[in-house]
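Those protein sequences? They're chains Y and L, same order as listed. Take the first sequence: its position 4, counted from the start at 1, is 4 in full-length UniProt numbering, and no numbers get skipped. Take the second sequence: its position 50, counted from the start at 1, is 50 in full-length UniProt numbering, and no numbers get skipped. Here the structure comes first, spelled out in structure tokens, and everything after it is commentary.
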Amino acid sequence: MPAITLYNYDLDENSFRVRLMLAMLKLEHATIAIDMFPGQEQTRPAMLAINSQGTLPVLVDGDLTLAGTEAILSYLAKAYDPARTWLPEDAAGFGRVQGWLHFSATMLENAKQARLQALFDTPGDETALRAAARKAFRIMDDHMTARHFDGADWFVGDKPSLADLTLFPSFALSRDFGIDHDEFPALRLWIRKFRALPGFFTMPGIPDYH
Amino acid sequence: MIEHKSWIPVALSTALEPGTSAGTLVGGGELVVWRDTRGAAHVWEDRCPHRGMRMSFGFVRGDHIACLYHGWQYDTAGQCQYIPAHPTLDVPKTIKVPTYTAAEKGGIIWAAPSSEAAEAAIPVEDGEVVPVRSIYIDRPFAAVLAALTNANIPAFTGDTAPRFETIADGIVIVSTGADRLLIACQPFNPTRTALHLVIQGSAETYGGAGQKHFARWAETFRLLLETASTPVAEVA
Ligand code: FES
Chain Y
1 MPAITLYNYD LDENSFRVRL MLAMLKLEHA TIAIDMFPGQ EQTRPAMLAI
51 NSQGTLPVLV DGDLTLAGTE AILSYLAKAY DPARTWLPED AAGFGRVQGW
101 LHFSATMLEN AKQARLQALF DTPGDETALR AAARKAFRIM DDHMTARHFD
151 GADWFVGDKP SLADLTLFPS FALSRDFGID HDEFPALRLW IRKFRALPGF
201 FTMPGIPDYH
Chain L
1 MIEHKSWIPV ALSTALEPGT SAGTLVGGGE LVVWRDTRGA AHVWEDRCPH
51 RGMRMSFGFV RGDHIACLYH GWQYDTAGQC QYIPAHPTLD VPKTIKVPTY
101 TAAEKGGIIW AAPSSEAAEA AIPVEDGEVV PVRSIYIDRP FAAVLAALTN
151 ANIPAFTGDT APRFETIADG IVIVSTGADR LLIACQPFNP TRTALHLVIQ
201 GSAETYGGAG QKHFARWAET FRLLLETAST PVAEVA
């Protein structure tokens with residue numbers, strides 16, 4: 001069995017973030033399916049013994065057990081990307097990528113919640129969640145509009161980074177909760193570039209143009 | 001479907017790469033704007049004749065666009081040419097997506113909502129342009145236009161106050177300082193309006209900093225309009 005194990009739910013976009021990272025870094029790993037919906041298996045005793053926070057995804061690598069999507073992504077980049085592309089070494093690049101990881105965990109959380117509500121009827125104010133998700137996408141679109149003026153294709157620096165990886169799924173899945181891509185031209189150009197990266201694959205809700 | 005008598009701007013030319021598609025709305029009606037791999041732009045109703053799914057979710061292959069759902073493929077005239085579930089079928093001519101006349105001019109993709117509109121010339125000049133951005137504002141077309149023609153648009157070069165010339169319904173040329181902007185407004189739906197901004201000038205002068213300057217103005221304009229509690233024309 002490979003050293004890395006991912007506790008995963010296929011329809012969970014945070015699990016997808018980690019699956020994408022593992023694929024893009026070409027890391028062999030085992031996957032254990034957790035019944036998040038409807039089972040909420042991640043909050044049951046067997047899973048709490050592994051991750052007391054009761055969240056998915058969870059990554060185990062040898063002696064290390066990690067929860068928290070951004071932490072897992074950062075760890076994988078630090079441990080397995082010797083080129084330092086995904087998590088830049090230089091202080092400004094590192095800070096900028098952390099900034100977008102934070103954005104993904106905070107402002108984009110509205111998009112994640114809006115999607116779960118649409119698919120699984122989880123609680124929350126539907127109108128408020130969608131409005132907040134749209135606001136987050138506007139911030140991203142304004143950013144990429146400005147980046148394109150500088151001839152840049154990615155959120156930070158001149159290569160794809162964890163910023164792009166963590167932002168991609170919520171926008172790509174936005175039709176699941178009724179937000180179309182019509183109003184975000186700069187993000188449309190960007191996701192097309194992201195989809196062309198080696199190792200990219202889709203999850204249910206993100207079209208696969210065979 | 002669309003009540004509009006002249007050409008309607010639907011996207012910046014640079015926002016649509018060859019072999020891609022995007023959805024948009026005109027007067028609340030769904031359109032797909034797509035570019036074939038040879039570079040020609042097309043604007044159609046965004047409905048697949050099969051089950052009515054949005055064509056803009058689909059994908060472009062050469063000079064065909066395929067529906068995401070069951071893979072029906074349509075040629076540039078909107079005619080269905082191939083149905084994967086019946087690969088040998090000679091597809092009936094009646095399976096056709098309604099199309100609009102599309103054209104590109106001045107850095108913008110335009111759609112003609114009627115044959116009457118298609119006969120008229122697109123009211124913008126040819127010449128070198130630098131694209132800025134499309135911006136979507138949660139305010140009705142009339143309110144956005146009223147605010148726009150009173151807006152304070154700081155110049156990138158020079159410093160004279162802006163002058164506005166409306167050359168067609170929703171199509172405005174702004175002269176500010178030494179700069180000339182084309183702002184083309186798209187009636188998106190009853191509560192939302194899209195603005196397509198293009199600098200009429202050279203990339204040498206406006207590339208990068210000039211584009212950012214006017215993009216930032218557009219974002220500020222959107223914020224002012226959307227947060228205004230007083231009539232928009234007074235604040236913008
Ligand atoms: S709905 Fe388009 S092919 Fe079936």
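Just so it is clear, CB atoms sit at the ideal spot from N, CA and C, and this is done for glycine as well.
Over the uninterrupted beta strand (DSSP E) stretch that includes residue i, give me the two end residues.
i, result
"residue 94(L)", "Unbroken run through residue 94(L): none, as it is neither H nor E."
"residue 164(L)", "163-168"
"residue 12(L)", "8-12"
"residue 183(Y)", "Element bounds for residue 183(Y): n/a, residue is neither H nor E."
"residue 43(L)", "41-45"
"residue 11(Y)", "Here residue 11(Y) belongs to no beta strand (DSSP E), and DSSP marks it neither H nor E."
"residue 176(L)", "171-176"
"residue 82(L)", "80-82"
Over the uninterrupted alpha helix (DSSP H) stretch that includes residue i, give me the two end residues.
i, result
"residue 211(L)", "209-227"
"residue 139(Y)", "126-149"
"residue 114(L)", "No alpha helix (DSSP H) contains residue 114(L), which DSSP labels as neither H nor E."
"residue 144(L)", "141-148"
"residue 170(Y)", "162-172"
"residue 206(L)", "203-206"
Taking only heavy atoms of the ligand FES into account, decide whether any of them is closer than 7 Å to the Cβ of residue i.
i, result
"residue 69(L)", "yes"
"residue 64(L)", "no"
"residue 50(L)", "yes"
"residue 34(L)", "no"
"residue 72(L)", "yes"
"residue 53(L)", "yes"
Name the one or two DSSP bridge partners that residue i has.
i, result
"residue 60(L)", "65(L)"
"residue 193(Y)", "Its beta-bridge partners do not exist; DSSP assigns none."
"residue 105(L)", "108(L)"
"residue 198(L)", "131(L) and 182(L)"
"residue 25(L)", "30(L)"
"residue 48(L)", "In the DSSP output, where bridge partners are listed per residue, residue 48(L) has none listed."
"residue 189(L)", "192(L)"
"residue 211(Y)", "This structure cannot settle anything about residue 211(Y), because the visible part of chain Y is limited to 1 through 210."
"residue 35(L)", "20(L) and 41(L)"
"residue 137(L)", "193(L)"
"residue 74(L)", "65(L) and 80(L)"
Could you list which residues in chain B have their beta carbon closer than 8 Å to that of residue i, in chain order?
i, result
"residue 133(L)", "Checking the listed chains, one finds no chain B in this structure; the protein chains it contains are Y and L."
Within the region 32-117 of chain Y, note down every full alpha helix (DSSP H) run reaching 4 residues or more, in order along the chain. 45-48, 69-80 and 91-105
Margin query: Which residues of the region 166-199 of chain Y have a Cβ closer than 8 Å to any Cβ of chain L? Give them in chain order.
Written below: So the close ones are 175, 180, 181, 182, 183, 185, 186, 188, 189 and 192.
Quiz item: Any residues in the region 123-156 of chain Y with a beta carbon nearer than 7 Å to a beta carbon of chain L? Which ones, in chain order?
Solution: 142, 145, 146, 149 and 150
**Study point:** Interfacial residues, the UniProt domain "GST N-terminal" (2-84) of chain Y to chain L, with Cβ spacing under 8 Å
**Key:** none
- Check distances from the C-beta atoms of the region 85-107 of chain Y to those of chain L and list, in chain order, the residues that come in under 9 Å. none
Can you pull out the residues from the region 197-221 of chain L whose beta carbon lies closer than 7 Å to at least one beta carbon of chain Y? 208, 211, 212, 215 and 219
Margin query: If the cut-off is 8 Å on Cβ atoms, which residues from the region 20-31 of chain L count as contacting chain Y, listed in chain order?
Written below: 20, 22, 23, 24 and 25
Members of the region 45-77 of chain L that neighbour chain Y once the beta carbon cut-off is set at 7 Å: 57, 59 and 68
*Residues in the region 113-138 of chain L with C-beta within 8 Å of chain Y's C-beta atoms, listed in sequence order?*
133, 134 and 136
Scan the region 155-167 of chain L for residues whose Cβ lies nearer than 7 Å to a Cβ of chain Y and list them as they occur along the chain. none
Taking any Cβ of chain Y, which residues in the region 102-113 of chain L have a Cβ under 7 Å from it, in chain order? Those residues of the region 102-113 of chain L that come within reach of chain Y (Cβ to Cβ, closer than 7 Å) do not exist; the list is empty.
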